[in-house]
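Just below is one structure, and these are the notes that go with it.
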Amino acid sequence: MDKRAFAASLVALAAFALPAAAADKLHLYNWNNYIAPETIKRFEAECKCEVVQTYYSDNEELLAKLAAGAKGYDILVPTGNAVEALIKGGQLQPLDKAKLPNVGNVDPAYLNTSFDPGNRFSVPYAMSTTILGYNDAKMKELGLPTNTWAAIFDPKLLEKVKGRVTVLDSASELFAAALIHLGYSANDTDEKRWRQAADLIKKAKPYWAAFNASSYIKELTVGNIWLVHGYSNDIFQANLDAQAAGRPFRIVQGMPKEGAVLAVDSMVIHKSAPRPDLAHKFINFMLEGRNSAELTNLIGSGNPNLAAAQYIKPELKALPAVFPPKDVAARLEQLKELTPAQRRLRNKLWTEIKASR
Amino acid sequence: MTGATLGALRESRWGKWAVAGPPLLYLVVFFAIPTLIMVAASFRSPGEFGGLAPFVGDDGRLDLTLESYVRLAEDTVYLEVFLKSVVYALVTTLACLVLAYPLAALIAQSPKKYRDLMLLLVILPFWSNFLIRVYAWMIILGPNAALAKAVNGVLAVFGVEPVPLLFSSFAVLVCLVYVHLPFMVLPLYANLEKHDRALLDAAQDLGASAWQRFWRITFPLSLPGVYAGAALVFIPALGIFAIPDILGGPNDSLIGNLIKQQFLETRDWPFGSVLSIVLTVAALALAGLAAWVGRRGAEEIARA
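Those sequence lines, one after another, are chains R and A. Per my numbering, the very first residue in the first sequence carries number 8; after that it's consecutive. Per my numbering, the very first residue in the second sequence carries number -14; after that it's consecutive.
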């Protein structure tokens, strides 16, 4: 290629590249697989912008990244206690309600939370519960209960499923489950009760195959693991995968009768958001019933949006772990933030649990 | 660059800096400064919502404390986790040495035209992502895979209960050895390849058996390669967290996992820094020890 042709092609390249580079962009920092692709496409068409997604796999990762000074995200979708940490850490900007007429679609039961009174910073997006998930054929065959935390904590019951059980590799979730099993609140911070919970966990630990937050969906699906402590939408996913693979069993959600942890993920705008205008448009768009329902239908997450109900598949609405009826909802608790001293103490207990034999 | 120009560069002071400057700068920026930040963070308190507490508090007092070090010292559980990690790293290093030595020797003795191909095969696993290879082990070790069925089939013959391979210390060690094996093979090969065959021939002429030739000549001469390989395997194996996270059972939490927890779940940067400093000092001390032993070994050989 001679020099002139090369220069011409560079100009042509720039001409193609420039409009794309100049397009409006919304930076969404989201959980993996937490928005339906068709929803994104419709939003991009509506706002004439491009949605750039980056992903995190837990709230801690999000908080650690932002605490280290990460910038450039417009929207984040953290869980309640992480929203609390972000608000108190001054990381968020207040929402302009005049730009969010669809907030009225949200079930008032999920608004006005203790950590964000009046929803100055956050609007609920979707939710999940931390429950039991099990292989129905195996659990029936062994005659084990699936509606109580005793299933993962009581050595007498665990004996029959030794090595076939995983629990979440998360101190906050496992302590919450143990505290609920002992009859306390998931948010109890009394040291004596924490030690009681730690003892309960240590006694059950020899029967567990692993602390696992990353691969239990697959392990349930292939039949290696029969009982897990996990998130409702992951267990829903495991069943979809098991059915798609033609397995001779189903993966079923077990809502413990003692209660469980409810995680409500909310949309918030980061203080460094380059495009708060697009962020508000996005939040309002996602609060439309149809858009919100698409996510629920895709991943089986709970939905705090009343306008979404008519678009949601009926088989999902029947799942108590996804759409808890009133009596179940009354026993669900959202986790609260801990102080640094409490976090240190819990981590010490957690380390002792991990090191115990 | 030819040898002559390199020599000329080495002679001029400016040339020296021009050559040594960029790597030095790189080390200062990406090694020394983060290490100093870590040391500084270890004397602070954790912030209410992550990060560090403000350096000057509301009451005007500076946030400087030994609390994180005290915390490490007052409880043996951290030492326990640390020792467990050292044991895992040692077992990994020994297993790598035992597996890599014959392989490296075989490559070094092969005809020249095959050596490049064999080395290429050793480093071939690096062409795919580390995590993907670790996840592949989940499939290999899974209870429904051929390996577990074969192992448990043999155990059943002897009347032994079936053992799970996945989510166990065995899985963690197998994968640690697998991931680090090339780091042992390469320095060993680089060393063995330079050995002078004439020494072995002379020993044979003087009546040394095959074992004597290996133990009295080849092995002592290969010690620098052994030390280099051991350091390359031991140090990263000591700090690893992904493998126990993915393949480990409930008892396989190591120091790397503990440090990761401090920065993520617990949001306790000061204590995470303290643990990292302990790990770094231990790794440096062991590398120093290996170098010292290596030098003494070389001196002894020179004397003999």
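Backbone N, C-alpha and C define an ideal beta-carbon position, used for all residues, glycine too.
Express the C-alpha separation of residue j and residue i in angstroms, rounding to a whole number.
{"i": "A:F204", "j": "R:K167", "result": "52 Å"}
{"i": "R:L352", "j": "A:L151", "result": "31 Å"}
{"i": "A:R280", "j": "A:A268", "result": "18 Å"}
{"i": "R:F50", "j": "R:S299", "result": "12 Å"}
{"i": "R:F330", "j": "R:T153", "result": "18 Å"}
{"i": "A:P87", "j": "A:E52", "result": "49 Å"}
{"i": "A:S154", "j": "A:V41", "result": "46 Å"}
{"i": "A:F226", "j": "R:L247", "result": "31 Å"}
{"i": "R:I138", "j": "A:L208", "result": "55 Å"}
{"i": "R:I82", "j": "A:G273", "result": "48 Å"}
{"i": "A:L161", "j": "A:A222", "result": "7 Å"}
{"i": "A:A89", "j": "A:W112", "result": "20 Å"}
{"i": "A:L177", "j": "A:A215", "result": "15 Å"}
{"i": "A:A26", "j": "A:L158", "result": "33 Å"}
{"i": "R:G261", "j": "R:A325", "result": "13 Å"}
{"i": "A:Y84", "j": "A:G127", "result": "Strictly speaking, residue 84 of chain A in this sequence is Leu, with Tyr absent from that position. Straight-line Cα distance between these residues: approximately 24 Å."}
{"i": "R:W233", "j": "R:D161", "result": "16 Å"}
{"i": "A:D60", "j": "A:L243", "result": "14 Å"}
{"i": "A:H164", "j": "A:A130", "result": "In the sequence as presented, His is not what sits at residue 164 of chain A; that position holds Val. Cα to Cα, A:V164 sits roughly 21 Å from A:A130."}
{"i": "A:Q247", "j": "R:L70", "result": "13 Å"}
{"i": "A:L49", "j": "A:S30", "result": "7 Å"}
{"i": "R:Q244", "j": "R:K32", "result": "31 Å"}
Could you please give me the residues that DSSP links to residue i through a beta bridge?
{"i": "R:M134", "result": "R:V271 and R:G309"}
{"i": "R:Y63", "result": "R:W38"}
{"i": "R:L107", "result": "Its beta-bridge partners do not exist; DSSP assigns none."}
{"i": "R:A217", "result": "R:T173"}
{"i": "R:C56", "result": "R:D31"}
{"i": "R:V259", "result": "R:Y141"}
{"i": "R:T155", "result": "BP columns for R:T155 are empty, so no partner."}
{"i": "R:H277", "result": "R:L99"}
{"i": "R:Y238", "result": "R:T137"}
{"i": "A:G35", "result": "A:E33"}
Out of the options, state which residue places its alpha-carbon closest to the alpha-carbon of residue i.
{"i": "A:G257", "options": "R:K355, R:L345 and R:A193", "result": "R:K355"}
{"i": "R:F289", "options": "R:I47, R:Y41, R:L181 and R:S121", "result": "R:I47"}
{"i": "A:G32", "options": "R:I360, R:R350 and R:R364", "result": "R:R350"}
{"i": "R:Y36", "options": "R:L302, R:P44, R:V58 and R:E53", "result": "R:V58"}
{"i": "R:V172", "options": "R:S129, R:A178, R:N119 and R:L151", "result": "R:L151"}
{"i": "R:R297", "options": "R:T153, R:M134, R:A43 and R:R364", "result": "R:A43"}
{"i": "A:I124", "options": "A:F34, A:V139, A:E52 and A:P149", "result": "A:P149"}
{"i": "R:N39", "options": "R:K210, R:K209, R:F128 and R:N240", "result": "R:N240"}
{"i": "R:H34", "options": "R:A204, R:A77 and R:A71", "result": "R:A77"}
{"i": "R:N142", "options": "R:A220, R:Q317, R:A92 and R:N231", "result": "R:N231"}
{"i": "A:A187", "options": "A:F115, A:N176, A:I202 and A:Y174", "result": "A:I202"}
{"i": "A:P292", "options": "R:V259, R:Y80, R:A74 and R:P311", "result": "A question about residue 292 of chain A goes unanswered here, because the residues of chain A that appear run from -14 up to 289."}
{"i": "A:S238", "options": "A:V259, A:V164 and A:V72", "result": "A:V72"}
{"i": "R:K95", "options": "R:R127, R:D103, R:S179 and R:L285", "result": "R:R127"}
{"i": "R:G307", "options": "R:T136, R:D334, R:K145 and R:A92", "result": "R:T136"}
{"i": "R:G87", "options": "R:V110, R:S64, R:L118 and R:Y41", "result": "R:L118"}
{"i": "A:A275", "options": "A:V107, A:D44, A:L132 and A:T78", "result": "A:T78"}
{"i": "R:Y63", "options": "R:K55, R:C56 and R:K72", "result": "R:K72"}
Looking at the C-beta of residue i, does it have a partner C-beta in chain R at a distance below 8 Å?
{"i": "A:E59", "result": "no"}
{"i": "A:Q197", "result": "no"}
{"i": "A:I262", "result": "no"}
{"i": "A:P31", "result": "yes"}
{"i": "A:P209", "result": "no"}
{"i": "A:P128", "result": "yes"}
{"i": "A:V162", "result": "no"}
{"i": "A:S238", "result": "yes"}
{"i": "A:G241", "result": "no"}
{"i": "A:E65", "result": "yes"}
{"i": "A:G138", "result": "no"}
Looking at the C-beta of residue i, does it have a partner C-beta in chain A at a distance below 8 Å?
{"i": "R:P347", "result": "yes"}
{"i": "R:F218", "result": "yes"}
{"i": "R:S308", "result": "no"}
{"i": "R:G111", "result": "no"}
{"i": "R:R350", "result": "yes"}
{"i": "R:A28", "result": "Here the model assigns R:A28 a pLDDT of 47, short of 50, so the residue's position is not dependable, and the following value carries that caveat. Output row for R:A28: interface = no."}
{"i": "R:L70", "result": "yes"}
Just confirm the distance between the C-beta atoms of residue i and residue j, as a whole number of angstroms; I'd bet it's less than 8 Å.
{"i": "R:K433", "j": "R:Q98", "result": "Limits of chain R in this structure are 8 at one end and 364 at the other, which puts residue 433 of chain R out of reach."}
{"i": "R:P131", "j": "R:S222", "result": "Contact doesn't hold; Cβ gap of about 29 Å is too wide."}
{"i": "A:R198", "j": "A:Q189", "result": "7 Å"}
{"i": "A:I240", "j": "A:S95", "result": "The pair is not a contact, with the Cβ atoms about 39 Å apart (cut-off 8 Å)."}
{"i": "A:L173", "j": "A:V211", "result": "7 Å"}
Please find out if some non-hydrogen atom of the ligand ZN comes closer than 7 Å to the beta-carbon of residue i.
{"i": "A:T265", "result": "Of the ligands one can find in the structure shown there are none, so the ligand ZN has no counterpart to examine."}
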